[in-house]
Amino acid sequence: MGCFTENNPQNQQALWWKQGVIYQVYPRSFKDDNGDGIGDLSGIIAKLNYLTWLGVDAIWISPIYPSPMVDFGYDVSDFTGIDPIFGDLATFDTLVAQSHQIGLKVIMDYVPNHTSDRHPWFLESRSSRQNPKRDWYVWVDPKADGSPPNNWLGSWGGSAWEWDATTRQYYLHSYHKAMPDLNWRNPAVKEAMFDVVRFWFDRGVDGLRIDSAQRIMKDPHLRDNPPNPTPDVTAYKRLGDYDSQLHLYDKGHADIHTVYRELRQLLDTYSLQSPRVALGEMHIFDWQEWARYYGTQHDELHMPLNFGLVGISWKASVVRRLVEAVEAALLPEAWPNYVLSNHDEPRVTTRIGSRQARIGMMLLLTLRGTPTLYYGDEIGMHNIEIPPQYVQDPWEKNMPGMGLGRDPERSPMQWDSSPNAGFCPPTAEPWLPIAGDYKQVNVATQCDDRHSMLALTHSLLKIRRATPALARGSYTSIEGVPQDCFVYVRQFGRQRRLIALNFSGSEQHIQLPEMGNGFVLISTHLDREEPIDLASLHLRGDEGCIIELPDSI
Ligand code: GLC
Ligand code: CA
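Note that numbering that gives the first Met the number 0 gives residue 89 to position 90 of the sequence shown, counting from 1, and the numbers run on in steps of one.
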């Protein structure tokens with residue numbers, strides 16, 4: 000039985016980002032207000048009431064900065080502006096003000112690893128070797144034979160080095176060649192990027208989701224990556240040549256922790272006014288290594304994002320092992336978090352099916368740690384098929400047919416059953432196709448159906464909000480249950496809740512006589528609220544329950 004410490008109710012004031020739920024908005028796909036087929040800031044404003052009704056606490060908005068949109072906003076050409084596609088700074092200020100009025104926090108996507116090749120910094124940098132901003136990016140001479148300086152590969156295929164014929168050097172790009180990497184070893188870059196943080200915090204932003212957070216510090220000697228002797232052929236995503244190397248030198252250099260300590264200090268000064276949060280995008284599955292980004296003194300990121308649930312096989316024992324490994328890796332101060340889907344990963348409903356997606360939602364919202372909920376998962380949206388002529392994602396364009404494209408999980412939000420699903424006017428052409436199931440799978444229809452996925456998500460969020468044991472409590476898993484079940488207790492003070500999840504389609508019988516009687520508060524089937532004798536708990540196929548236990552003595 001794994002037991003992980005409870006926060007002491009006496010001495011801990013819960014912070015919003017610890018007990019709250021974060022909702023990710025992919026702005027292009029959320030709500031188009033001006034009718035050009037692309038979601039925008041006024042669309043988000045129009046849906047703030049929906050988000051508060053739903054019961055989330057914060058929105059993380061994927062990038063909205065001016066951008067040539069090679070990578071739909073992750074290629075930033077101005078870190079302190081808003082792309083006209085999305086609106087302007089005044090609309091952004093309104094969004095923040097209105098969000099705050101209704102108690103929603105706003106988290107910005109912060110993209111420190113690279114800029115667009117159209118960013119003025121890069122235009123200057125590439126203009127000549129003598130330019131004062133030359134060293135703001137990573138420029139290196141070719142090898143004697145003219146080839147790139149080392150064997151590093153871009154994540155989306157090909158070399159990570161692009162030749163610049165004018166100045167006769169290569170520049171580094173961890174992703175697309177239109178997204179050159181910044182040189183964080185240059186103090187002027189760090190200062191300029193910290194100014195960006197100040198700019199948004201001064202505007203009232205509550206937190207940062209740091210894009211590609213592991214990448215900003217590379218090996219200063221630019222050593223070749225060694226070959227990967229055992230590429231994981233079972234990995235849920237196969238990245239082609241990129242998998243043939245061990246990525247020892249092109250990311251995660253130890254100096255990165257110094258940068259995050261400094262960034263944390265900057266955040267902490269702002270937190271004196273109101274608590275700010277730094278989340279980091281970390282694709283690390285060695286949990287000890289991952290946990291280092293919290294800082295050994297809890298002085299780096301508040302939460303390196305945890306993608307453990309995304310790639311694993313959906314079995315009770317595997318999920319439980321993951322949760323326990325994550326818990327075991329954390330220092331007492333460090334607060335966990337879980338991601339089920341996002342704009343880079345196949346949607347959970349597509350990965351595990353609609354029935355188990357309800358288990359996934361209950362799991363996400365009852366584990367110890369901050370949940371991140373991807374827009375559309377609350378109504379069970381699926382990945383869509385993207386016909387070749389509609390492909391937008393640069394990853395798919397660079398490496399076609401390998402199943403790496405991310406358009407399928409970025410389809411427009413399904414608001415109602417009108418043409419274009421209420422995402423944009425019927426006359427507009429949405430930037431990505433609307434899912435074929437939108438007439439059934441949409442917010443309006445599910446609002447009227449008390450057994451819908453939306454009803455489930457809404458109820459779970461409501462219960463979670465009202466229950467400190469779920470939002471803040473300790474986690475203890477329960478042994479001796481059927482192998483397809485994952486059962487755990489959350490406790491805060493004397494309040495206890497038991498969560499029992501059936502990861503299979505067949506009925507399961509759980510016997511916990513020592514637990515006595517309880518009360519089923521909610522089932523994923525949304526059809527029972529009743530007293531229960533835990534000596535004999537029957538779960539139907541694909542059923543999960545939250546059960547109130549008597550207060551501990
Ligand atoms: C991160 C983002 C992804 C983007 C990439 C490059 O992985 O989540 O969407 O393409 O960084 O910025
Ligand atoms: Ca629009």
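Every residue, glycine too, gets a C-beta built ideally from N, C-alpha and C.
Supposed contact pair residue j and residue i - C-beta distance, whole angstroms, cut 8 Å
{"i": "Pro-225", "j": "Leu-245", "result": "5 Å"}
{"i": "Gly-206", "j": "Lys-104", "result": "7 Å"}
{"i": "His-342", "j": "Glu-408", "result": "6 Å"}
{"i": "Glu-299", "j": "Arg-260", "result": "6 Å"}
{"i": "Gly-517", "j": "Leu-497", "result": "6 Å"}
{"i": "Glu-528", "j": "Leu-538", "result": "Not quite, the Cβ-Cβ distance comes to about 15 Å (not below 8 Å), so this is no contact."}
{"i": "Gly-307", "j": "Thr-348", "result": "The Cβ separation is near 18 Å, so there is no contact."}
{"i": "Ala-465", "j": "Gln-18", "result": "That belief does not hold up - the Cβ atoms of Ala-465 and Gln-18 are roughly 11 Å apart, past 8 Å."}
{"i": "Leu-304", "j": "Val-338", "result": "6 Å"}
{"i": "Pro-179", "j": "Thr-90", "result": "Between Thr-90 and Pro-179 the Cβ distance is about 29 Å, and since that is not below 8 Å, they are no contact."}
{"i": "Leu-525", "j": "His-450", "result": "5 Å"}
{"i": "Ser-522", "j": "Glu-547", "result": "Incorrect: roughly 13 Å between the Cβ atoms, too far for contact."}
{"i": "Pro-219", "j": "Arg-263", "result": "Actually they are not in contact, since the Cβ atoms of Pro-219 and Arg-263 sit about 23 Å apart, beyond 8 Å."}
{"i": "Leu-460", "j": "Gly-54", "result": "3 Å"}
Distance cut-off 7 Å: residue i Cβ against heavy atoms of ligand 1
{"i": "His-172", "result": "no"}
{"i": "Glu-344", "result": "no"}
{"i": "Ser-146", "result": "no"}
{"i": "Asp-205", "result": "no"}
{"i": "Ser-476", "result": "no"}
{"i": "Val-309", "result": "no"}
{"i": "Asp-70", "result": "yes"}
{"i": "Glu-408", "result": "no"}
{"i": "Val-110", "result": "yes"}
{"i": "Asp-210", "result": "yes"}
{"i": "Tyr-136", "result": "no"}
{"i": "Leu-73", "result": "The amino acid occupying residue 73 in the given sequence is Tyr; Leu does not appear at that position. Result yes, Cβ under 7 Å from ligand 1."}
Simplified DSSP state of residue i, which is helix, strand or coil
{"i": "Lys-639", "result": "Nothing about residue 639 can be read from this structure; the chain reaches only from 0 to 552."}
{"i": "Leu-50", "result": "helix"}
{"i": "Glu-5", "result": "Because the pLDDT of Glu-5 is 41, which lies under 50, any placement of that residue in the model is unreliable, and the number read from its coordinates should be weighed accordingly. Reduced to three states, the DSSP call for Glu-5 is coil."}
{"i": "Cys-446", "result": "helix"}
{"i": "Asn-112", "result": "coil"}
{"i": "Val-322", "result": "helix"}
{"i": "Lys-104", "result": "strand"}
{"i": "Glu-161", "result": "strand"}
{"i": "Phe-200", "result": "helix"}
{"i": "Asn-600", "result": "With the chain covering 0 to 552 only, the question about residue 600 has no answer from this structure."}
{"i": "Ile-545", "result": "strand"}
{"i": "Gly-421", "result": "helix"}
{"i": "Phe-485", "result": "strand"}
{"i": "Trp-414", "result": "coil"}
{"i": "Leu-363", "result": "helix"}
{"i": "Leu-469", "result": "helix"}
{"i": "Glu-408", "result": "helix"}
Identity of the residue in the options nearest residue i by Cα
{"i": "Arg-117", "options": "Val-95, Gly-145 and Asp-70", "result": "Asp-70"}
{"i": "Thr-295", "options": "Lys-132, Pro-331 and Tyr-474", "result": "Pro-331"}
{"i": "Pro-345", "options": "Ile-311, Trp-334, Val-322 and Gln-129", "result": "Ile-311"}
{"i": "Asn-112", "options": "Ala-164, Asp-240 and Lys-250", "result": "Lys-250"}
{"i": "Met-514", "options": "Asp-532, Ala-315 and Ala-96", "result": "Asp-532"}
{"i": "Thr-93", "options": "Asp-77, Arg-125 and Ala-45", "result": "Ala-45"}
{"i": "Asp-74", "options": "Pro-148, Leu-50, Gln-100 and Leu-181", "result": "Leu-181"}
{"i": "Asp-134", "options": "Ala-187, Trp-155, Gly-102 and Pro-119", "result": "Ala-187"}
{"i": "Ala-468", "options": "Pro-549, Thr-444 and Val-232", "result": "Pro-549"}
{"i": "Arg-167", "options": "Pro-141, Asn-149 and Ala-333", "result": "Pro-141"}
{"i": "Ser-173", "options": "Ala-427, Met-192 and Trp-151", "result": "Trp-151"}
{"i": "Arg-357", "options": "Arg-495, Phe-502 and Leu-329", "result": "Phe-502"}
{"i": "Ala-454", "options": "Val-488, Arg-405 and Met-360", "result": "Met-360"}
{"i": "Gln-557", "options": "Asp-194, Ser-535 and Phe-491", "result": "The question about residue 557 has no answer here: the residues shown for the chain are numbered 0 through 552."}
{"i": "Arg-405", "options": "Ser-76, His-252, Leu-50 and His-381", "result": "His-381"}
{"i": "Ile-462", "options": "Gly-375, Thr-365 and Leu-50", "result": "Thr-365"}
{"i": "Arg-489", "options": "Ile-545, Arg-128, Pro-131 and Trp-120", "result": "Ile-545"}
{"i": "Gln-507", "options": "Lys-236, Cys-484, Val-440 and Gln-413", "result": "Cys-484"}
{"i": "Met-398", "options": "Phe-85, Gly-153, Tyr-49 and Leu-221", "result": "Gly-153"}
{"i": "Gly-352", "options": "Trp-138, Gln-413 and Gly-504", "result": "Gly-504"}
Residue i CB to nearest heavy atom of ligand 2 below 7 Å
{"i": "Gly-421", "result": "no"}
{"i": "Ile-43", "result": "no"}
{"i": "Ile-37", "result": "yes"}
{"i": "Asp-31", "result": "yes"}
For the pair the stretch 55–63 and the stretch 17–28, tell me if three or more CB-CB distances fall below 8 Å. These segments touch.
Are there three or more Cβ pairs, one per stretch, closer than 8 Å when the stretch 389–397 is compared with the stretch 413–427? The stretch 389–397 is not in contact with the stretch 413–427.
Cβ contact (3+ pairs, closer than 8 Å) linking the stretch 362–371 and the stretch 430–446: Output reads no: the stretch 430–446 does not touch the stretch 362–371.
Do the stretch 193–212 and the stretch 264–271 meet, that is, are 3 or more Cβ pairs less than 8 Å apart? Counting Cβ pairs under 8 Å, three or more are found: they touch.
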